[in-house]
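Peer 1: Sequences listed follow chains S and V, in order. First residue of the first sequence? That's 0 in numbering that gives the first Met the number 0, and the numbers climb one at a time after it. First residue of the second sequence? That's 0 in numbering that gives the first Met the number 0, and the numbers climb one at a time after it. Ideal placement from N, C-alpha and C gives every residue a C-beta, glycine not left out. These numbers were taken from a predicted model, which means no experiment stands behind them. The structure's right below; bear with me while I get my questions together.
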Amino acid sequence: MGIRAAFYIMLNDLRLNLVSPFATILSLIVPINFLILFVLFAIGGAKVPVSVVVSGSGHYDAAFLQALHNALTFHIHRASSVAAGQQLIQNHKSVATIHIANGFSSAVAAGQTAHVPLTLNNLNKDFADDVRRAMPLAVLNFYHSVFPSTLPFNWKEVDTYAHNVTFLGYLAVSIQTVALLIGGLLFGGRGSARDWELGTMKELMLAPIRPWSVVAGKLGAAMTNGIASAVMVLGALLLLGLRPADWGQFVGVTLLTLFVFISLGVAIGSVAKSQFVVTPFAFALGLPLFFISGAFGPITWSTPAAAVIARIFPVAYANAAFQHAVHGYWPIDTGVGWIWTILIGWAVLALGVSWLAYRRATAKH
Amino acid sequence: MQQLSTFWAIVKKDLATWIRSPSTIAVTVLPALILMFVLILQAAAVTGSPVAIVNQDTSGQAAAKLQHIAQNYNGFYNAKVLSKAQAEKEYQNLAVAGVLVIPKGFSKELKGGQHPTITWQVRNFNNDTANDLRRALPDILSTFLKSGAAGKNPMHIQVQEHDLHARDASFVGFNMIAVVVMLVLQAGIVNAGLAAVREWETGSVKELLMSPARPLTMILGKVGAGVIASDITGGIALIAAIAAGMVPVPSFGLGILAFVIVTLTAIVGSGLGVLIGAALRATERVSGLSISLSFYLFFLAGGITDIAYLPRWLQDVAAYIPNTYSLDALRATLLYNSSTGILTDIGVLVLAGAVALLIGVPVMRRGLSH
């Protein structure tokens with residue numbers, strides 16, 4: 000009886016989605032919207048746009064330009080003159096102009112001081128420091144390539160992983176987690192809040208069914224929508240060139256994560272009883288949690304306060320599980336067993352809150 | 000004169016409704032406020048990651064100098080000097096992102112011209128964090144060479160930096176301006192949108208139509224309420240940022256300019272809000288779409304970065320997004336103490352506001368007449 004009731008509640012919710020296509024389409028595309036928006040952010044944040052003016056034609060001019068290319072930082076535009084470089088800065092096409100002036104090669108060859116003028120649009124300290132730190136790297140690389148014996152020491156970088164994951168590749172996985180979070184909160188929250196808004200919750204309460212059937216029905220409908228949305232997000236990830244290292248694990252983590260986030264959404268919708276509140280709440284929770292839950296690197300590399308907050312919510316664990324499924328490593332210091340326990344614990348807690356909200360409302364009536 | 004008092008009555012009524020509706024205020028301010036909180040929370044770790052330094056040449060002077068430079072390097076969030084075993088443990092536990100090892104006998108080998116090798120262990124989860132670490136070591140080594148601790152500096156290239164702004168704006172302040180612009184735009188879209196839609200949902204649109212007020216006055220009243228609500232929310236956020244020291248105190252003239260820019264942004268947002276409200280006529284739809292739209296506009300205008308960092312095609316798109324100009328103008332006035340290019344920004348915002356109203360007002364007017 001309970002399962003049958005849950006099934007019909009789920010069916011009814013899915014039908015209601017069909018009769019209000021605008022809201023349904025909006026909820027379906029919000030996760031993929033988030034993915035697109037943050038990918039735009041990731042594309043932008045990867046390299047610093049600078050213009051380089053090479054006035055001379057000596058051997059070392061070309062070698063220094065190559066060193067700038069190899070400085071892991073710059074997206075280089077060639078400019079014909081310093082004025083043209085400044086114009087690019089004015090037009091927001093570049094943030095710095097590096098001038099390899101006439102006489103650079105001869106000065107270097109003669110062991111004399113060679114000046115490299117750098118005009119920097121120091122928009123903020125973080126952006127400016129990226130350029131300031133890249134210049135010594137270029138200079139050191141230059142000397143390492145053209146005068147290796149003059150440097151009194153060597154240095155060796157030992158990478159932990161043989162393969163370098165791109166910034167976009169890493170961030171896209173984090174974005175997928177937050178896209179599922181926002182989608183899950185919207186699907187779960189709006190579905191459960193709708194009955195309160197329409198007043199049909201009273202009918203459900205009067206029906207001879209158990210509270211858990213209502214919660215399970217809402218969860219089932221939201222999971223159906225959530226899976227549809229997750230498939231769209233996965234399609235976008237594949238288009239970005241991402242391939243999960245372990246497909247089985249990836250599908251499992253997606254389903255579990257959706258279940259957790261949708262359970263949270265059902266709980267929020269049941270407590271708030273208003274779709275109007277659910278929508279901003281989903282965004283207000285999603286965006287900050289994205290930033291503090293290991294979107295760019297492990298939470299342990301962040302500030303202690305941010306790490307403590309991140310550890311409370313399930314997003315950091317879901318994100319770590321996704322990174323493992325896609326890239327094959329765990330960017331978190333929590334054991335695997337604990338990660339699953341915390342995720343399932345959150346789902347159980349959220350569903351318990353939904354059940355309680357329904358029970359309390361029933362008691363009032 | 001009568002239309003003016005009608006306009007003012009509608010503004011007052013919509014503002015009173017806004018103030019008495021906590022959920023509307025939450026919709027307006029919550030996403031941006033939480034984003035602000037996160038930016039503040041993470042600001043300290045933006046410059047770099049935590050690292051460990053292992054100095055195996057404990058008695059060498061050059062090694063001590065290198066250790067000192069690395070320890071005080073401003074590109075690390077935190078640099079701890081540890082033993083090899085401790086550093087390895089911290090590295091395995093993800094407490095540090097990199098381990099710098101100064102080998103045993105470093106100072107002696109350096110003095111003897113034997114080219115000792117410094118090891119830099121990097122947790123390369125992704126290129127972004129790894130490249131930050133990869134940039135750090137050459138920067139440290141350059142400082143070390145310049146210090147003279149390794150003998151005569153063999154590098155003769157000197158970078159002459161000329162900054163366009165007298166001082167670097169803080170990372171938090173820079174992003175705070177972006178968040179304030181988003182807040183103002185979102186407040187305008189949501190409040191004007193909901194104010195418009197509310198009349199249809201509560202049925203009060205009939206009473207409005209039966210009143211002697213002109214439709215244009217009613218619509219402008221709603222836009223006015225949206226602008227005031229946006230100015231209040233944006234103003235509070237800006238004052239809080241200034242009070243917290245994240246944004247410098249502007250001069251009186253630049254402060255007024257900033258207020259004008261915020262208001263023009265609010266007009267654009269409110270015009271869009273009225274348009275969305277009149278077109279969708281349901282709170283649930285308006286709230287969903289307006290929040291998504293604000294986020295889109297936020298990111299398309301560069302978001303928490305600058306449009307220079309965006310790909311070329313996206314820069315072309317950003318040129319048509321009004322808040323790109325709000326961001327540019329507000330950062331110039333509030334962060335860089337400058338009014339360069341501000342006339343262009345104001346001109347574009349006036350145009351965008353006029354376009355938003357020219358489209359939004361007739362759509363709502365048509366809705367009222369039906």
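1. So, is the C-beta of residue 201/V closer than 8 Å to a C-beta in chain S?
2. In chain V, which residues lie less than 7 Å from residue 242/S when you measure between Cβ atoms?
3. Please report the distance separating the alpha-carbon of residue 52/S from that of residue 101/S.
4. Does the beta carbon of residue 263/S come closer than 8 Å to any beta carbon on chain V?
5. So, are the CB atoms of residue 53/V and residue 82/V less than 8 Å apart?
6. For the alpha helix (DSSP H) containing residue 58/S, list its first residue and its last residue.
7. Flag residue 290/S as yes if its beta-carbon sits less than 8 Å from any beta-carbon of chain V, otherwise no.
8. If you draw a straight line from the C-alpha of residue 132/V to the C-alpha of residue 170/S, how long is it?
9. Check distances from the C-beta atoms of the segment 216-238 of chain S to those of chain V and list, in chain order, the residues that come in under 9 Å.
10. Counting only beta-carbon separations shorter than 8 Å, does residue 34/V have a partner in chain S?
11. Can a CB atom of chain V be found closer than 8 Å to the CB of residue 450/S?
12. Closer than 8 Å is the cut-off here; do at least three beta carbon pairs connect the segment 285-298 of chain V with the segment 198-217 of chain V?
13. Closest to residue 307/V by CA distance: which of 223/S, 21/S, 39/S is it?
14. Taking DSSP as the reference, what is the three-state secondary structure of residue 158/S?
15. Thinking C-alpha only, which one of 336/S, 229/S, 59/S, 295/S is nearest residue 123/V?
16. Mind pulling the alpha helix (DSSP H) runs of 4 or more residues that sit fully within the segment 276-331 of chain V?
17. Any idea which residues DSSP pairs residue 114/S with across the strands?
18. What residues in the segment 322-340 of chain V have a beta carbon less than 7 Å from any beta carbon of chain S?
19. Please confirm whether residue 298/S and residue 315/S have their CB atoms less than 8 Å apart.
20. Below 8 Å on the Cβ atoms is my contact criterion, and I expect residue 1/S with residue 212/S to pass it. Report the Cβ-Cβ distance as a whole number of Å.
21. Determine the contact status of residue 191/S and residue 265/S, defining contact as a CB-CB distance below 8 Å.
22. Work out the CA separation of residue 62/V and residue 103/V for me, nearest whole Å.
23. How far does the beta strand (DSSP E) with residue 79/V in it extend, from its first residue to its last?
24. Evaluate residue 344/V with the Cβ neighbour count: other Cβ atoms within 10 Å of its Cβ, from every protein chain shown; 16 or more gives buried, anything less gives exposed.
25. Tell me which same chain residues have a C-beta within less than 6 Å of the C-beta of residue 253/V, skipping the five on either side of it?
26. At a cut-off of 7 Å, would you count residue 301/V as near the ligand ZN, judging by its Cβ distance to the nearest heavy atom?
27. Three Cβ pairs or more, each shorter than 8 Å: is that satisfied between the segment 87-99 of chain S and the segment 1-18 of chain S?
28. Does the CB of residue 138/V have a neighbour CB from chain S at under 8 Å?
29. Does residue 274/S come out as helix, strand or coil in the three-state DSSP assignment?
30. Check for me: the beta strand (DSSP E) holding residue 95/S runs from which residue to which?
31. Measure the alpha-carbon distance for residue 256/V versus residue 337/V and round it to whole angstroms.
32. Given that a residue counts as buried once 16 or more other Cβ atoms are within 10 Å of its Cβ, and exposed if not, what is residue 279/S?
33. Can you tell me whether residue 49/V is helix, strand or coil according to DSSP?
34. Below 6 Å CB to CB, which residues in the same chain sit around residue 271/V once its five sequence neighbours on both sides are set aside?
35. Per DSSP, what kind of secondary structure is residue 162/V in: helix, strand or coil?
36. What residues of chain V sit near residue 134/S, judged by a beta carbon separation below 7 Å?
Peer 2: With the given structure in hand:
1. Locating residue 201/V in the second sequence gives position 202, counting from the first residue. Cβ-Cβ to chain S under 8 Å: no for residue 201/V.
2. Working through the first sequence from its first residue, we reach residue 242/S at position 243. Under the 7 Å cutoff, chain V gives no residues; its nearest Cβ is about 16 Å from residue 242/S.
3. Counting from 1 along the first sequence, the entry for residue 52/S is found at position 53. Counting from 1 along the first sequence, the entry for residue 101/S is found at position 102. Each residue's alpha carbon lies about 10 Å from the other.
4. For the purposes of this step, residue 263/S is taken as residue 264 along the first sequence, with counting starting at 1. The beta carbon of residue 263/S does not come within 8 Å of any beta carbon belonging to chain V, so the residue lies off that interface.
5. What you label residue 53/V is simply residue 54 of the second sequence in a count that begins at 1. What you label residue 82/V is simply residue 83 of the second sequence in a count that begins at 1. For residue 53/V and residue 82/V, yes; Cβs fall inside 8 Å.
6. Here residue 58/S refers to the residue found at position 59 when the first sequence is read from its first residue. 58-68 is the extent of the alpha helix (DSSP H) around residue 58/S.
7. Sequence index remark: in the first sequence, residue 290/S carries index 291 (1-based). Yes, its Cβ sits closer than 8 Å to a Cβ of chain V.
8. By one-based count along the second sequence, residue 132/V stands at place 133. By one-based count along the first sequence, residue 170/S stands at place 171. Rounded to the nearest whole angstrom, the CA to CA distance from residue 132/V to residue 170/S is 18 Å.
9. Listed by position along the chain: nothing, the set is empty.
10. Position 35 of the second sequence, counting from 1, holds the residue named residue 34/V. Yes, residue 34/V lies at the interface with chain S (some Cβ there is under 8 Å from its Cβ).
11. Lying outside 0 to 364, the shown extent of chain S, residue 450/S is not represented and no answer is given.
12. By the criterion of at least three beta-carbon pairs nearer than 8 Å, the segment 285-298 of chain V is not in contact with the segment 198-217 of chain V.
13. As a position in the second sequence, residue 307/V is number 308, starting the count at 1. Residue 39/S is the option with its Cα nearest to residue 307/V.
14. By 1-based counting over the first sequence, the position of residue 158/S is 159. Strand, per DSSP.
15. Position 124 of the second sequence, counted from the start, is the residue given in the question as residue 123/V. Comparing Cα positions, the closest option is 295/S.
16. Scanning the segment 276-331 of chain V for uninterrupted alpha helix (DSSP H) segments of 4 residues or longer gives 282-299, 311-317, listed from N- to C-terminal end.
17. For the purposes of this step, residue 114/S is taken as residue 115 along the first sequence, with counting starting at 1. Paired residues: 157/V.
18. From the segment 322-340 of chain V, no residue has a Cβ closer than 7 Å to chain S.
19. As a first step, residue 298/S must be located in the first sequence, where it is residue number 299. As a first step, residue 315/S must be located in the first sequence, where it is residue number 316. Their beta carbons are under 8 Å apart, which means residue 298/S touches residue 315/S by this criterion.
20. By 1-based counting over the first sequence, the position of residue 1/S is 2. By 1-based counting over the first sequence, the position of residue 212/S is 213. Cβ-Cβ separation between residue 1/S and residue 212/S: approximately 5 Å, consistent with a contact (criterion under 8 Å).
21. The residue you call residue 191/S lines up with position 192 of the first sequence. The residue you call residue 265/S lines up with position 266 of the first sequence. Closer than 8 Å, so yes.
22. Counted from its first residue, the second sequence places residue 103/V at position 104. Counted from its first residue, the second sequence places residue 62/V at position 63. For residue 103/V and residue 62/V, the distance between alpha carbons rounds to 9 Å.
23. As a position in the second sequence, residue 79/V is number 80, starting the count at 1. Its beta strand (DSSP E) spans residues 77-80.
24. On the second sequence, residue 344/V is found 345 positions in, with the first residue counted as 1. By the 10 Å Cβ count, residue 344/V comes out buried.
25. Walking along the second sequence from the start, residue 253/V turns up at place 254. Result list for residue 253/V: 332, in chain order.
26. In the structure shown, the ligand ZN is absent, as is every other ligand, since no ligand is present at all.
27. The segment 87-99 of chain S vs the segment 1-18 of chain S: no contact.
28. The count along the second sequence starts at 1 and reaches residue 138/V at position 139. Yes, residue 138/V lies at the interface with chain S (some Cβ there is under 8 Å from its Cβ).
29. Here residue 274/S is taken as the residue at index 275 of the first sequence, counted from 1. In the three-state reduction of the DSSP assignment, residue 274/S falls in the helix class.
30. Start at 1 with the first residue of the first sequence, and residue 95/S comes out as number 96. From DSSP, the beta strand (DSSP E) with residue 95/S extends over 95-99.
31. Residue 256/V sits at position 257 when you count from the first residue of the second sequence. Residue 337/V sits at position 338 when you count from the first residue of the second sequence. So the alpha carbons of these two residues sit roughly 11 Å apart.
32. Here residue 279/S refers to the residue found at position 280 when the first sequence is read from its first residue. Residue 279/S should be labelled buried.
33. The residue labelled residue 49/V in the question sits at position 50 within the second sequence. Note: residue 49/V maps to strand in three-state DSSP.
34. As a working mapping, residue 271/V is identified with position 272 in the second sequence. Taking residue 271/V as the centre and dropping the five residues before and after it, the same chain places the C-beta of 188, 355 closer than 6 Å to its C-beta, in chain order.
35. As a first step, residue 162/V must be located in the second sequence, where it is residue number 163. Three-state result, residue 162/V: strand.
36. For the purposes of this step, residue 134/S is taken as residue 135 along the first sequence, with counting starting at 1. Residues of chain V passing the Cβ test: 158.
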